[in-house]
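For reference, the structure is listed below as structure tokens.
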RNA sequence: GCCCGCUUGGUGUAGAGGUUAUCAUGCAGGAUUGUCAUUCCUGCGACCCGGGUUCAAUUCCCGGAGUGGGCGCCA
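Numbering (this note's numbering), first residue to last: 1266 to 1744.
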């Protein structure tokens, strides 16, 4: 089993020993040559123990790596040796002992000698928490486990290297995205998740009680980030939860997901498409070039190889991303034999047709206004091939899947109110929002990106639930 | 909301109208071992729930629950 560090000690800029350990297990391997002969205290999960006689080997694992602990009755005493030999897998154990160079394995003729490894010769052990047996799922077993079982026991599932790597990578992706937006002058903000009005007037919200009045969990920061534009913040972004009560039961839908949103003043749809592609390029490039991120991808690939899945390759997308205007998309789909008419949404089957020639990121700009929400801007006279009004709304797809929707927003209050009315929404209910357009508002544009969907594409996950610690969907809300 | 599947030890599976219910992993015990995915021996552990058909149902039928996939819609 290839061992890949999840958290690289040499890349840590600040490491302070804690009350429970003097060194991490990854550190022992990294700096082992300097530590030989020194006393250390380490702690971790007992992945396995071997040896029932006068000696015993323990594979100990923490967030940084693994180390073998060697126990001998002479050094640790009969009683402690027996305790460890009877210990259950995944129990947390703390060992104190001396660092030593591990005896090299017997290597067959012609095979390369592995790099030196280090172990701890234990002089004492402390049982922190004994794991009950049997485990609801094996952390190291080479047996498939169904997603449902894994999610019921997510804490154990997370101990598996490739699952752990997924969530460390998720943190990296958010970091890279955040990094990039800051370089373009965006400010991180937070908008409320408890709201009085449905964002787009739809009925697919989770109702809740707000003291003695009805309220909803917000489906999008849309209206609030627009108010920030009216407030002169110019460039904002938010990474936060969005809640949708849609009964969409698919590999790519969640009732609660993290939306990566921006809004940008004095800008149109083309401008913010640029922001989006530059940010995604930065994320992909960073994952491809950063040592830690690459190690995480490697860890995921070790598992994928065991499962017989295709290995993940981080291919940095070229700038600019292809742009296929809605009008052209309809034409292309028709040419490929798809059943679609101008004005239709592009369904999954037709997205597959488009994706045949566009397997990665591509923009779909200039949708019909009739398919877009009231807050999307339109330029009068900008019409499609059938004479219908186009909008300044766009989608970003990766292959068949929608990653983002965005657009330039309607800043003209009269048009905005008219849009609300024509879409059967009551401007009165949106007064808190419409008010923001009465006293001078910049033209602005923005988008919302599904973090989980991006992670799916980056890691090859076939189900969005793989990328969420505790996913919320039609059936599941516990744990 | 619609369509189609599936439900067998802790986990993942094979299978048949009457079986001692398969295999792997795991667990318990033993032998061996400074081991390196150790190896070997012995043992433990399962047919989702309710109703029906039948001499007999875990297997067939109906219903329920759970779960997986596809679609609509979306990020």
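Glycine included, every Cβ here is placed at the ideal spot set by N, Cα and C. Treat the numbers as computed from the prediction; the structure is a model and nothing was measured.
Each of 1354, 1668 and 1487 was checked against the Cα of residue 1545, and the nearest Cα belongs to 1668. Residue 1505 holds the alpha-carbon nearest to the alpha-carbon of residue 1455 among 1519, 1505 and 1415. Excluding five sequence positions before and after residue 1483, the CB atoms of its chain that fall closer than 6 angstroms to its own CB belong to 1458 and 1460, given in chain order.
Between the alpha carbons of residue 1444 and residue 1347 lies a gap of roughly 51 angstroms.
Listed as beta-bridge partners of residue 1503 by DSSP are 1526. For residue 1566, the closest alpha carbon among the candidates 1723, 1510 and 1410 is that of 1723. Closest option to residue 1400, judged by alpha-carbon separation, among 1391, 1415, 1390 and 1393: 1415. Two segments are said to touch when three or more pairs of C-beta atoms, one from each, lie closer than 8 angstroms; by this definition the region 1639-1656 touches the region 1684-1704. One Cα belongs to residue 1394, the other to residue 1381, and the distance between them is close to 31 angstroms. For the pair residue 1534 and residue 1630, the CB atoms are nearer than the 8 angstroms cut-off. Here the C-alpha atom of residue 1306 lies approximately 52 angstroms from the C-alpha atom of residue 1480.
Linking residue 1397 to residue 1353 through their CA atoms gives a straight-line distance of about 7 angstroms. For residue 1734 against residue 1419, the beta-carbon gap comes to about 7 angstroms, under 8 angstroms, which counts as contact. In the DSSP assignment, the residues bridged to residue 1712 are 1527 and 1671. Here residue 1658 is bridged, per DSSP, to 1672. In terms of Cβ geometry, residue 1606 and residue 1635 do not form a close pair [threshold 8 angstroms].
DSSP places residue 1308 in the uninterrupted beta strand (DSSP E) bounded by 1304-1315. One thing to note: residue 1717 has its Cβ within 8 angstroms of the Cβ of residue 1523.
Within the model, the alpha-carbon separation for residue 1451 versus residue 1500 is close to 5 angstroms. A Cβ-Cβ contact shorter than 8 angstroms links residue 1390 with residue 1358. The bridge partners DSSP lists for residue 1627 are 1662.
Apart from sequence neighbours up to five positions away, the residues of its chain that approach residue 1613 with a beta-carbon distance below 7 angstroms are 1665, ordered along the chain. Per DSSP, residue 1359 is one residue of the beta strand (DSSP E) stretching across 1357-1366. Between residue 1430 and residue 1332, the C-beta gap is not smaller than 8 angstroms, which leaves the two residues out of contact. Here the alpha carbon of residue 1721 sits roughly 42 angstroms from the alpha carbon of residue 1387.
Contact annotation: the region 1334-1350 touches the region 1305-1321, with at least three C-beta pairs closer than 8 angstroms.
A straight-line Cα-Cα distance of about 13 angstroms links residue 1517 and residue 1714.
Here residue 1283 is exposed: its Cβ has fewer than 16 other Cβ atoms, across all protein chains shown, within 10 Å. The distance from the Cβ of residue 1293 to that of residue 1364 is about 6 angstroms, consistent with a contact at the 8 angstroms cut-off.
If you look at residue 1438, you'll find it in the alpha helix (DSSP H) that goes 1426-1448. By the criterion of a C-beta distance shorter than 6 angstroms, residue 1673 is surrounded in its chain by 1533, 1534, 1642, 1657 and 1710, once the five residues flanking it on both sides are discounted. Cβ-Cβ separation between residue 1702 and residue 1681: approximately 6 angstroms, consistent with a contact (criterion under 8 angstroms). Taking a 10 Å sphere around the C-beta of residue 1578, we find fewer than 16 other C-beta atoms and assign the residue as exposed. Collapsing the DSSP output to three states places residue 1516 in coil. In this structure, the straight-line span from the alpha carbon of residue 1700 to that of residue 1280 is close to 51 angstroms. According to DSSP, residue 1684 shares a beta bridge with no other residue.
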